[in-house]
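**Q**
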Amino acid sequence: NAGVMQNPRHLVRRRGQEARLRCSPMKGHSHVYWYRQLPEEGLKFMVYLQKENIIDESGMPKERFSAEFPKEGPSILRIQQVVRGDSAAYFCASSPRQQETQYFGPGTRLLVL
Amino acid sequence: GQQLNQSPQSMFIQEGEDVSMNCTSSSIFNTWLWYKQDPGEGPVLLIALYKAGELTSNGRLTAQFGITRKDSFLNISASIPSDVGIYFCAGNSGGSNYKLTFGKGTLLTVNP
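Next up, the structure:
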């Protein structure tokens, strides 16, 4: 059973460009969570999605950031007009149900030049 | 928001030594989790704790959910070089049973 998959593993963008991060949850998991990790920090919750629904986006910046989890395909975290402060590791986790343990993917390291 | 204080920030030990790290919270947590993160990878779940006072082992790892529900510790016995990495405590509290709060991590270095 494949684990949580994220791509790309590394992403370099110039200021003002868009970044798209993809996450495929574990088989049988319909709950997806995105976290951001700044250097030498713990992970910070951004958003929680179920298929076609955003359940909680309280940790996501109001501007430039959006997330979706369509009926078909991976979950997407989209950052528009990236700035240097967006440079971080972005992790996706999935679980079969809301209360269940979250399993993390390998992350996408975003570097904004 | 919720905050977890994890200590120590880093540890440098000799192979074979035992290690202990802990997390404390200013508020009650419903779940305590311990993850390990290797460089360039995502956190991997080591132990999950769901009840106050619960003591759980996973091989050489042992973790406990504090009675007050505001703390947890992780012990590693007879450390080996592959134990090197960053260990994070995490948990959720209040009305959220999905929004994990993470500590800042303990960097463990094991000298062969």
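Chains as they are written, first to last, in this note's numbering: chain A, 1289 to 1401; chain B, 71 to 182.
Positions of the beta carbon are idealized from the N, C-alpha and C atoms, including for glycine.
1) Distance, Cα to Cα, residue 76 (chain B) vs residue 1346 (chain A)?
2) Quick test of the definition: if touching needs 3 or more C-beta pairs under 8 Å, does the stretch 134–145 of chain B touch the stretch 1298–1306 of chain A?
3) Report yes if the C-beta distance between residue 172 (chain B) and residue 1331 (chain A) is below 8 Å; otherwise report no.
4) Residue 181 (chain B) and residue 117 (chain B) - do their beta-carbons sit closer together than 8 Å?
5) For my contact list, residue 1340 (chain A) and residue 1359 (chain A) are in at a C-beta cut-off of 8 Å; report their separation, rounded to the angstrom.
6) Would the beta-carbon of residue 101 (chain B) fall within 8 Å of that of residue 162 (chain B)?
7) Hey, quick one: how far does the beta strand (DSSP E) through residue 1299 (chain A) stretch, first residue to last?
8) If you drop the 5 nearest sequence neighbours on each side, which residues of the same chain put their C-beta closer than 7 Å to that of residue 1372 (chain A)?
9) Compare the C-beta of residue 125 (chain B) with all C-beta atoms of chain A and state if any pair is closer than 8 Å.
10) Anything in the stretch 1327–1351 of chain A with a Cβ closer than 9 Å to a Cβ of chain B? List those residues in chain order, please.
11) Would you report the Cα separation of residue 73 (chain B) and residue 155 (chain B), rounded to the nearest angstrom?
12) Between the C-alpha atoms of residue 1324 (chain A) and residue 135 (chain B), what's the straight-line distance to the nearest angstrom?
13) Please report the distance separating the alpha-carbon of residue 1348 (chain A) from that of residue 1333 (chain A).
14) For residue 113 (chain B), which residues in chain A fall below 8 Å Cβ to Cβ?
15) Using a C-beta cutoff of 8 Å, does residue 174 (chain B) count as contacting chain A?
**A** Looking at the coordinates:
1) 24 Å
2) no
3) yes
4) In this structure, residue 181 (chain B) does not lie closer than 8 Å to residue 117 (chain B) by Cβ.
5) 5 Å
6) yes
7) 1298–1301
8) 1303, 1400
9) Answer no: the Cβ-Cβ gap between residue 125 (chain B) and chain A never drops below 8 Å.
10) 1328, 1329, 1330, 1331, 1332, 1333, 1336, 1343, 1344, 1346, 1347
11) Each residue's Cα considered, the two are about 22 Å apart.
12) 26 Å
13) 8 Å
14) 1331, 1379, 1392
15) yes
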